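Under this note's numbering, the sequence shown has 1385 at position 601, and the numbering climbs by one with no breaks.
Virtual Cβ for every residue (Gly too), placed ideally from N, Cα, C.
Predicted, not measured: the structure shown is a model, and the values here were computed from it.
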Amino acid sequence: MDDFFADLNEKQREAAMAPDGPLLIVAGAGSGKTKTLTARLIFLITKRRVPPERILAITFTNKAADEMKRRVADALARAGMAGVDPFVSTFHAFGAWVLRREAGMFGRTNGFTIFDSDDVARVIKHVLKNRGIDPKKMSPAQTGRLFGKIKNEFLSFGAPLGTSDDALMWELFSDYERYLEINNGFDFDDLIYKVVLAWHQDPAVAARYQSRFSHVLIDEYQDTNPAQHALCALVARTHGNITAVGDDAQAIYGFRFSDFRNFLNFEKTWSGARIILLEQNYRSTQNIVAAASGVIARNQFQKKKTLWTGNNEGAPVRVVEHADEFDQAEYIVETALLRARAGARVGILYRTNAQSRALEQMLLEKNIPYALFGALTFYERKEVKDILAALRVAANPNDQISGERLDKTFPKKITRPLREALAACTPDTAPADLIKLFLKSTQYMDVLKKEFPNYADRYENITELIYFAEQFSSLSEFLEKVTLASPLDGAPRKTQEEKSAAHIHLMTIHLAKGLEFDDVQVAGVSEGLMPHQRSLLRADDLEEERRLMYVAMTRARQTLSLHFYQIPSRFLYELPPERVVFEGDAARTVPGRTRDLDDEERYIEYD
785 MDDFFADLNE KQREAAMAPD GPLLIVAGAG SGKTKTLTAR LIFLITKRRV
835 PPERILAITF TNKAADEMKR RVADALARAG MAGVDPFVST FHAFGAWVLR
885 REAGMFGRTN GFTIFDSDDV ARVIKHVLKN RGIDPKKMSP AQTGRLFGKI
935 KNEFLSFGAP LGTSDDALMW ELFSDYERYL EINNGFDFDD LIYKVVLAWH
985 QDPAVAARYQ SRFSHVLIDE YQDTNPAQHA LCALVARTHG NITAVGDDAQ
1035 AIYGFRFSDF RNFLNFEKTW SGARIILLEQ NYRSTQNIVA AASGVIARNQ
1085 FQKKKTLWTG NNEGAPVRVV EHADEFDQAE YIVETALLRA RAGARVGILY
1135 RTNAQSRALE QMLLEKNIPY ALFGALTFYE RKEVKDILAA LRVAANPNDQ
1185 ISGERLDKTF PKKITRPLRE ALAACTPDTA PADLIKLFLK STQYMDVLKK
1235 EFPNYADRYE NITELIYFAE QFSSLSEFLE KVTLASPLDG APRKTQEEKS
1285 AAHIHLMTIH LAKGLEFDDV QVAGVSEGLM PHQRSLLRAD DLEEERRLMY
1335 VAMTRARQTL SLHFYQIPSR FLYELPPERV VFEGDAARTV PGRTRDLDDE
1385 ERYIEYD
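And the structure:
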């Protein structure tokens, strides 16, 4: 076990072995954040002798939680403590765990359904129609986002919402909340909001969890929203043993209501907090680290740090100009293919999902295999949602939304024997058996074969779902797991096609956070795309776009290329010139030839 800590650098070791009390670990990109947080968790158990069940470690994705569990289990097994389990969870899984115990405070049973975004939209349509409001005139999606704002920002009832009729919106919110209660359901945001609400309303309830956990560790703290920040503050209030780790330079989720000022103001929230900087980057070359640092240095609101690396200097960052998006796509695909053939793992990153169209088209034309992230996720596919709707009705008969999906999918004569079969099931019926019951009762495979030409793909998805379900004996546990799945989690297990895919990965920069690639190609580093045109009016939004640029650049290990067409992004002018080579059309026909920005481009002014 001492060998485990010996593998840490000086600052990582200081953070892992810091005394009790509030601790903020400011972890620069590629500085071993997860390794350090895991080491602190292990240190608390093995050296401080903190009972594992009294440690709460919270991450943002199932993938991150599973990785931390694996690392902790391996390390503790080597220390002769196999089977010791701290509470490692995502924010929302922790919230669901609390609500299973406190659901009665909100008029629910512990068999409640967790409604996803599609379910929420259906509920809001019901609410609008009940008020005589045409859903075509008041968008359910925008209304749902406003309700999300109320919960994520923990707004008091009646607070200003910035709409043309705030009083009506609060009435609709009340209707929405009543509908959820009738359906014995919570929405995704409730998993934090309702927990904080319960703890505020009844300090005795909060005290049970405050006494249960003596140490709290929070990953990616810069991404917390006000409700999550309140939850952290409440659970650690009595002892103050909170360790938060993150990087404000990688705070890119403002559109999800996250507020990186929670990170910047950590010392104000927790007086006497210790601050430790992790500044050594283990991922990237010196040129990449210096180039990314030059960009992010322009942000005003940040905790200053000096990112450095002991890695080699590497190739300069390439900035490549193109005639249009199709010219850009062809060049990126050709470059990515060369890198992939040389054994590199290539990431093609972009600001918006729409930018993938030209890139995918080019990859398909050239018959180059690739993996696309952020398209329709496994759990959003029709056949999967149909099956899950039946399982949710079995777990929660009050779930009218799932029931409506079944009624719209099958004739009444089918849904009637299906509901009878589901009602006959007991809480001990295994999830996999329920799926097979659904398939048999509805003759679902025949339905798919008649309706869809890609029947074989859908059959494979169902097989995958059954495989995953076989790992669970509890229906509620299975449904909670799939409902809280992240887009990055993908399918329950990798399909053969995914295993054999080329080393070329397409995704938005937001989805790339936390990942790394040997070679990174960033498409569309053009004004209006990066930064996005919607961000140009507010300084805060522009700073978030710059953090997004920083995240994109720091995903690269060995080589980094930034591509633009039309007007170059203002961020390109912020790159340290000694770390960059600029390549235009001439450089593509004359190897080794480079040029600087045109005089016309150089004098573009930005407000």
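Could you give the C-beta distance for residue i and residue j, rounded to a whole number, given that I count them as a contact under 8 Å?
i	j	result
A811	S1068	Actually they do not touch by this definition, with Cβ atoms about 15 Å apart.
T1267	D900	6 Å
I1288	A1099	Rounded, the Cβ-Cβ distance is 19 Å, inconsistent with contact.
P919	P870	The Cβ separation is near 46 Å, so there is no contact.
N1025	N1182	The pair is not a contact, with the Cβ atoms about 40 Å apart (cut-off 8 Å).
N1049	T1008	Not a contact, Cβ separation roughly 11 Å.
R1242	E1167	5 Å
F878	I842	6 Å
T1292	T1136	7 Å
Alpha carbon to alpha carbon, how far is residue j from residue i? Give it in angstroms, no decimals.
i	j	result
V1364	V872	42 Å
S1225	Y977	38 Å
A1214	I1171	14 Å
W1092	T818	18 Å
D1003	D858	20 Å
A1370	E1114	Note that A1370 has pLDDT 33, beneath the 50 cutoff, so the model's placement of it is unreliable and the number below is only indicative. The straight-line gap from Cα to Cα measures roughly 16 Å.
A1155	G1038	27 Å
K921	L1121	47 Å
I908	H1347	42 Å
S1055	D1031	20 Å
R832	H1294	37 Å
A1142	I1036	25 Å
N1344	E1118	Correcting the residue identity first, residue 1344 is Leu in this sequence and not Asn. Distance between the alpha carbons of L1344 and E1118: 15 Å.
L1223	D902	23 Å
T1210	V1079	59 Å
A1057	E1051	5 Å
H1013	H984	14 Å
T1279	L1190	Annotation note: pLDDT 49 at T1279 (below 50); position unreliable, no value reported.
F1157	Q1305	15 Å
L1232	L1148	27 Å
M852	L956	41 Å
K1283	F1252	A caution first: K1283 carries a pLDDT of 41, below 50, which makes its placement in the model unreliable, though a value can still be read off. Spanning the two alpha carbons is a distance of roughly 18 Å.
V1177	G891	18 Å
S1042	L975	16 Å
D791	G816	11 Å
I1198	L1206	12 Å
T927	V979	23 Å
N793	A802	14 Å
P806	I1060	11 Å
L1321	R929	21 Å
D804	V911	49 Å
Q1064	S948	50 Å
F788	L825	12 Å
I1219	L1202	11 Å
A1126	D1303	11 Å
P944	I1116	47 Å
Using only CA atoms, which one of the options lies nearest to residue i?
i	options	result
A1173	S958, E1264 and P919	E1264
C1016	I826, L840 and L1232	L840
G946	Y960, D959 and F931	F931
R996	L1018, H876 and P1010	L1018
M1146	R1129, S1319 and F1110	F1110
M1337	L1133, I1152, T822 and K1233	L1133
R915	M953, P1315, K933 and T893	M953
I1250	L1175, I1060 and E1235	L1175
T820	G879, R855 and E1235	R855
F875	D973, Q1112 and F788	D973
E1164	N1245, A848, T893 and R1200	N1245
A1216	E1248, K1297, E1204 and Y1228	E1248
Less than 7 Å separating the beta-carbons of residue i and residue j?
i	j	result
G1187	F1301	no
A991	Y1005	no
F896	G814	no
M865	A982	no
L1290	S1140	yes
R1040	E1358	no
I809	A823	no
Y1334	A1076	yes
F938	P987	no
R1331	A1033	yes
L1062	K795	yes
E1105	N1071	no
Practice problem: Could you tell me whether the segment 1350 to 1358 touches the segment 1300 to 1315, using the rule of 3 or more Cβ pairs below 8 Å? | Solution: yes
Practice problem: Taking 8 Å as the threshold, find out whether the segment 1072 to 1091 comes into contact with the segment 1319 to 1333 through three or more Cβ pairs. | Solution: yes
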